[in-house]
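*Asks:* Counting with the numbering used here, you get residues 96 to 434 for the letters of the sequence shown.
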Amino acid sequence: MTTDAFAGASTLPPFVRCEGIYRASGGFSPAMLANARVLARLLRGDPHDVWHFVFAPNPASSGAALVAKNLRRLMGFKGPVVQTVASAPKSFDGVARLVFGDRVVALSEFTRGRLVGAGVTGVPIHVIPPCATAPARAREEDVAALKAKHDLKGKIVLYPGDIEHSRGARNVVAAMPPLLRHRSDVTLVLACRKKTAKADQSERDVLTEVARLGIRANVRSVGEVASMATWLAAADVVAFPVDDLYGKVDVPLVLIEALSLGVPLVVAEGGPLEALTPAANAVPLGDDDALAFALSEALSDEACAAARVEGDKLYHARFSPAVVARAHDDLYAEITRAS
96 MTTDAFAGAS
106 TLPPFVRCEG
116 IYRASGGFSP
126 AMLANARVLA
136 RLLRGDPHDV
146 WHFVFAPNPA
156 SSGAALVAKN
166 LRRLMGFKGP
176 VVQTVASAPK
186 SFDGVARLVF
196 GDRVVALSEF
206 TRGRLVGAGV
216 TGVPIHVIPP
226 CATAPARARE
236 EDVAALKAKH
246 DLKGKIVLYP
256 GDIEHSRGAR
266 NVVAAMPPLL
276 RHRSDVTLVL
286 ACRKKTAKAD
296 QSERDVLTEV
306 ARLGIRANVR
316 SVGEVASMAT
326 WLAAADVVAF
336 PVDDLYGKVD
346 VPLVLIEALS
356 LGVPLVVAEG
366 GPLEALTPAA
376 NAVPLGDDDA
386 LAFALSEALS
396 DEACAAARVE
406 GDKLYHARFS
416 PAVVARAHDD
426 LYAEITRAS
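Structure below.
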């Protein structure tokens, strides 16, 4: 953790030990110097009972972790090493060479299958999904102010995803014309955080397509938002028809938050997002009419009522912090007994 966070760590339970490794919070990936500080910590001091690494497999990080593991083994460290595949690598080709853990944690059955198919064998793979704390419900006055600010009337379809690495935004834009033929009172909101310098051009490309389709009056691009919980409260359905989750956990946290709040979800089938079914409706990628129909169905009163029930049930069964923490506790207890 960062040294600032370390200073405020007194609220953590007494059995949790925190060490200030990073000097400050970084961007989307740590700087080389920050990673060097982590490696130095692994090579010296108390190694503790278990090492647990959480990152997307990549040559640099996996190589450094393997070096640290082997050197510590030479110095007498016998503890088990857990490796969580935090997000999918750019390619699963050769990923077996990047697996160094004694146990591997995949965030979905889909990724577990991809790992096995890529040759990751001989090491147990556990499936433990990501989790998110259910956000507090936004105040009605805050939701009303948000709608007034962006001139939002009627039904709201929210796309809270990537605009650079996937076609998710383009897919939901393409589904708007057939959706508007079913319901003319729908507005699409693109809430996309810009991660790199290429994001501006990606946004311009999407909005050019919006203009070509003649649906500018029904689309808002709001960029990075101050309160996603308020947008989730304003949304009538969350659309996430993405083809590439690169850089994201298998089930993005915003979808878990929407699930906990009972917001209807429409996601892409054939990938890790199917873990959200039956609470979510999964549709084929690239089928604009199927996506439009699913969104129209999700806007019905019956679908909204079902989403509240199924979302709450699935959230507490699989994606709540308490459930995911217990799964990790069970894994730690198993591997420390065996070591």
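Just so you know, even glycine gets a beta-carbon here, dropped at the ideal spot from N, CA and C. Note that this is a predicted model, so its numbers are computed, not measured.
Should Met-323 go down as buried or exposed, given a rule of 16 or more other Cβ atoms within 10 Å for buried?
*Replies:* Buried, because 16 or more other Cβ atoms sit within 10 Å of the Cβ of Met-323.
*Asks:* Whose CA, out of Gly-196, Pro-225, Phe-187, lies closest to the CA of Gly-208?
*Replies:* When each option's Cα is compared against that of Gly-208, the closest is Phe-187.
*Asks:* Just curious, the alpha helix (DSSP H) that Ile-351 is in, first and last residue?
*Replies:* Ile-351 -> alpha helix (DSSP H) spans 348 to 356.
*Asks:* Please report the Cβ distance between Val-404 and Ala-389, rounded to the nearest whole angstrom; I am assuming they are in contact, meaning their Cβ atoms lie under 8 Å.
*Replies:* Not really, about 18 Å apart at Cβ, beyond 8 Å.
*Asks:* Can you grab the Cα-Cα spacing for the pair Val-361 / Leu-253, in whole Å?
*Replies:* For Val-361 and Leu-253, the distance between alpha carbons rounds to 10 Å.
*Asks:* Expressed to the nearest angstrom, what Euclidean distance is found between the alpha-carbon atoms of Leu-275 and Ser-415?
*Replies:* Cα to Cα, the separation comes out at about 35 Å.
*Asks:* Per DSSP, what kind of secondary structure is Val-222 in: helix, strand or coil?
*Replies:* Residue state, collapsed to three classes: strand.
*Asks:* Could you have a look at Phe-110 and say whether DSSP puts it in helix, strand or coil?
*Replies:* Residue state, collapsed to three classes: coil.
*Asks:* For Val-301 and Cys-399, I'd like the C-alpha separation in whole angstroms.
*Replies:* Rounded to whole angstroms, Val-301 to Cys-399 spans 29 Å at the Cα level.
*Asks:* Give me whichever residues DSSP pairs with His-147 in a beta bridge.
*Replies:* His-147 pairs with Val-177.
*Asks:* Let's test the definition: count the other Cβ atoms within 10 Å of the Cβ of Pro-152 and tell me whether it reaches 16, buried, or not, exposed.
*Replies:* Per the 10 Å Cβ criterion, buried.
*Asks:* Indicate the three-state DSSP secondary structure (helix, strand or coil) for Arg-207 in the structure shown.
*Replies:* The answer is helix: DSSP assigns Arg-207 an H, G or I state.
*Asks:* Taking only runs of the alpha helix (DSSP H) that begin and end inside the region 215 to 292, which ones reach a length of at least 4 residues, in chain order?
*Replies:* List check, alpha helix (DSSP H) in window: 235 to 244, 263 to 277.
*Asks:* Count the CB pairs spanning the region 298 to 317 and the region 170 to 186 that are closer than 8 Å, and state whether there are at least three.
*Replies:* Segments in contact, no.
*Asks:* Pull up the CB-CB distance for Val-349 and Ala-393, whole angstroms please, since I reckon it's below 8 Å.
*Replies:* Not a contact, Cβ separation roughly 16 Å.
*Asks:* When the Cα atoms are used, what is the spatial distance from Arg-413 to Val-419?
*Replies:* Going from the Cα of Arg-413 to the Cα of Val-419 covers about 7 Å.
*Asks:* Run through DSSP, which three-state label would Ser-391 get?
*Replies:* Ser-391 falls in the helix class under three-state DSSP.
*Asks:* Residues in its own chain within less than 8 Å of His-245 by CB, not counting five upstream and five downstream?
*Replies:* Closer than 8 Å at Cβ, skipping near neighbours: Val-284, Arg-315, Val-317.
*Asks:* Apply the 10 Å Cβ neighbour rule to Ser-279 and answer buried if 16 or more other Cβ atoms are within range, or exposed otherwise.
*Replies:* By the neighbour-count rule (16 or more Cβ atoms within 10 Å), Ser-279 is not buried but exposed.
*Asks:* What is the C-beta distance between Asp-345 and Ser-203, in whole angstroms, given that I count them as a contact (C-beta under 8 Å)?
*Replies:* Right, their Cβ atoms sit about 4 Å apart.
*Asks:* Assuming Asp-407 and Gly-366 make a contact with CB atoms under 8 Å, what is their CB distance in whole Å?
*Replies:* 24 Å between Cβ atoms; not a contact.
*Asks:* Taking only the alpha-carbon atoms, compute the straight-line gap between Ala-231 and Arg-168 and give it to the nearest angstrom.
*Replies:* Ala-231 and Arg-168: Cα-Cα distance of roughly 45 Å.
*Asks:* Note the first and the last residue of the continuous alpha helix (DSSP H) segment covering Val-378.
*Replies:* Looking at the DSSP string, Val-378 is not in any alpha helix (DSSP H); the run it does join, the beta strand (DSSP E), is 375 to 378.
*Asks:* Note down, in chain order, each residue of its chain lying with its Cβ closer than 7 Å to the Cβ of Ile-251, except the 5 sequence neighbours on either side.
*Replies:* Thr-282, Val-284, Ala-329, Ala-330, Asp-331, listed in sequence order.
*Asks:* So, are the CB atoms of Gly-342 and His-277 less than 8 Å apart?
*Replies:* It is not a contact, given that the beta carbons lie outside the stated cut-off.
*Asks:* Rounding to the nearest angstrom, what Cα-Cα distance links Arg-198 and Gly-212 in this structure?
*Replies:* So the two alpha carbons sit approximately 17 Å from each other.
*Asks:* Under DSSP, the alpha helix (DSSP H) around Ser-316 begins and ends at which residues?
*Replies:* Run containing Ser-316: none in the alpha helix (DSSP H); it sits in the beta strand (DSSP E), 314 to 316.
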